[in-house]
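Notes follow the structure.
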Amino acid sequence: GAVVSQHPSWVICKSGTSVKIECRSLDFQATTMFWYRQFPKQSLMLMATSNEGSKATYEQGVEKDKFLINHASLTLSTLTVTSAHPEDSSFYICSPDQGGRAGKNIQYFGAGTRLSVL
Amino acid sequence: AQTVTQSQPEMSVQEAETVTLSCTYDTSENNYYLFWYKQPPSRQMILVIRQEAYKQQNATENRFSVNFQKAAKSFSLKISDSQLGDTAMYFCAFMKAGTYKYIFGTGTRLKVLA
C-alpha cells in the first residue's frame, strides 16, 4: 500500500515557539494534502486542504496565520504551528490524496504528530 | 452540511463474541461513501471497511461487515469473533463523492475482554 511518512511523531515545545510538521508521500505524488487535528478523546477535524503550488484552503474557525501550510512539491507538505500556545496541543494528522491508488475514494493517513505546548 | 453521529462512546465485548457499533449520518447528497476506521493506541488510522452509497449490498471484509440502511441513514459495523487486537477507537466517516474529505463521527472506544 501507499506509504505516508509524517515527522516528528511527538514534539514538545515552549509557548511562543513555532513547530514544523512534515508529511511525505513516499511512493506516490500527492497534488492535494489534507491536514486534520484531533484533540484528546475527540474525533478528527479537517483543518485545511492544500494543493501543490497554490494557497491552502482553511476550514471555518482555523486561523490561517497560525497554521501555515506549504505544499511546495508533490511529495512534501508542511504544517507550521506559529507562536504555539498550550491550547494548540493536539494530535495532527496528514492525509495525502493518493489519486485512487488505494481504491476509489480511500485515503491513507500519516501516523500523526503529537504536539505538546508547555 | 453533513453530520456523522456515533451514539456509543464506549463498548466492550468478550473475546470471540460479536459486537455491533452504531453510526448514523445526515446528508442531502446522493453520491457518497461511508467508512469505518480503526485507531489503535498507536494513533495510526487504519481503514476497516468501506461502502459506496449507490450499492445496496452490504460490504464485508473478513470478520467485519456493515449494515447499510440508506433510507434510514444508518451504517453500523459488526465485528464477529472479536479478537484482543480489535481493541481500539472506531470512527465512522462520511465522504461526499469527488471531495476526498472525511467527516468523522466522535468515535466509539471498543475494548475486547479476554
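Chains A and B supply the protein sequences, listed in that same order. With this note's numbering applied, the first sequence corresponds to residues 1 to 118, in that order. With this note's numbering applied, the second sequence corresponds to residues 1001 to 1114, in that order. In this text, a Cβ means the ideal position worked out from N, Cα and C, and glycines have one as well.
- Rounded to whole angstroms, the separation of the alpha carbons of L68/A and K41/A is 25 angstroms.
- Classified as buried, W1036/B has 16 or more neighbouring CB atoms from the shown chains inside 10 Å of its CB.
- Our two residues, L79/A and L26/A, have alpha carbons roughly 17 angstroms apart in a direct line.
- Taking a contact as a CB-CB distance under 8 angstroms, the pair L46/A and K1101/B counts as one, their CB atoms being some 6 angstroms apart.
- Closest in alpha carbon position to V81/A, among Q29/A, V117/A and T31/A, is V117/A.
- Per DSSP, the continuous beta strand (DSSP E) segment holding C94/A begins and ends at S90 to P96.
- For T82/A, there are no neighbours in chain B by C-beta distance under 7 angstroms, as the nearest C-beta there is about 24 angstroms away.
- Within the same chain, and ignoring the five residues on either side of Q1044/B in sequence, no residue has its Cβ closer than 6 angstroms to its Cβ.
- Minimum Cα-Cα distance from A111/A among the listed residues R1063/B, E1061/B, A1053/B and P1040/B corresponds to P1040/B.
- For L74/A, there is no enclosing beta strand (DSSP E), since its DSSP letter is neither H nor E.
- Among the CB atoms of chain A, one or more fall inside 8 angstroms of the CB of K1101/B.
- What G1085/B touches in chain A, judged by beta-carbon distance under 7 angstroms, is nothing: the nearest beta carbon there is about 18 angstroms away.
- Within 7 angstroms of the CB of L1047/B, the CB atoms of chain A belong to I106, in sequence order along the chain.
- The Cβ-Cβ distance between I1049/B and V1066/B falls below 8 angstroms.
- Inter-segment contact for the segment 1022-1030 of chain B and the segment 1064-1079 of chain B is present: three or more beta-carbon pairs are separated by less than 8 angstroms.
- Using a CB distance cut-off of 8 angstroms, F28/A does not count as an interface residue toward chain B.
- About 6 angstroms separates the Cβ atoms of Y1033/B and E1052/B, confirming a contact at the 8 angstroms cut-off.
- In this structure, the straight-line span from the alpha carbon of Q60/A to that of A1001/B is close to 13 angstroms.
- The segment 1078-1085 of chain B and the segment 84-101 of chain A do not touch, with fewer than 3 CB-CB distances between them shorter than 8 angstroms.
- Relative to the Cα of K1055/B, the nearest Cα in the group F1064/B, N1030/B and T1106/B belongs to N1030/B.
- Contact of L44/A with chain B is assigned, a C-beta pair being separated by under 8 angstroms.
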